[in-house]
Amino acid sequence: MGSSSSKPQEIVKYIESDESKKMKALYQLENQLKELQDEVSKEKQLILNDIEETVIDENNVLILRYSNLQNMDEIQQNVRQIFGNVPLLNVLVDTATQLVSTMNNTKELTELMKWQQKTIKKRIDNKVYGMEIHYKLKVLDETTGRILQGRNTMLLIAYKCKAYVLKTPLESVPDDVELKKITF
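The opening residue of the sequence shown carries number 189 in our numbering; numbering runs sequentially from there.
Take a look at the structure:
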């Protein structure tokens, strides 16, 4: 009988570097950013009639990433600083911080999305303004590390807002007092 020689089998293992993992995560974020940009740009204008002039036309997409987020005031301040003092975007800031807070307080929840559209007509001084906002918020939460576990929270915000001066008669639009009485 012939002798059989056994050769040790070569095993090759590839270990992904931290740099490679970061690049892969960045690439995924860039893809999500592009998808959100495309999505928000395709949103159809809600106010179509009686437009005299466009006074605000803004859209943007951004991603905020936090490691081991504990302080909700911090994210609220950051989002408010990013959007400045644009009253039209206050609803966006409030919704974003509410979603992140919900995500942060619920360990089982790992992804949360909200797509919203709002319009309002309002009297300011002697003019009628029509305002619309479209926004999508996506909150992602991931656990990192095997031994020392941490959490990364990502907030993706895509929005488009517009404000118009309208040709609508003043008396057909409620003032602030009347507007507060209108509820769903």
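Note that beta-carbon positions come from the ideal geometry of N, C-alpha and C, so glycine has one too.
- Remark: fewer than three beta-carbon pairs, one from each stretch, lie closer than 8 Å, so the region 294 to 306 and the region 266 to 275 are not flagged as touching.
- Taken atom to atom, the span from the alpha-carbon of L257 to that of V281 is near 17 Å.
- Between V316 and V353, the C-beta spacing is below 9 Å.
- Within the region 208 to 285, the complete beta strand (DSSP E) runs of at least 3 residues fall at 239 to 255.
- Two segments are said to touch when three or more pairs of C-beta atoms, one from each, lie closer than 8 Å; by this definition the region 201 to 221 does not touch the region 282 to 289.
- Contact check for A346 against E227 passes: the beta carbons are separated by less than 9 Å.
- Take K306, set aside five residues on each side of it, and the residues of its chain with a beta-carbon closer than 6 Å to its own are I321, in chain order.
- Counting along the chain, E299 sits inside the beta strand (DSSP E) bounded by residues 299 to 312.
- About 5 Å separates the beta carbons of L344 and I251, which is inside the 8 Å limit, making them a contact pair.
- Approximately 16 Å separates the beta-carbon atoms of L236 and C349; this is outside 8 Å, ruling out the contact.
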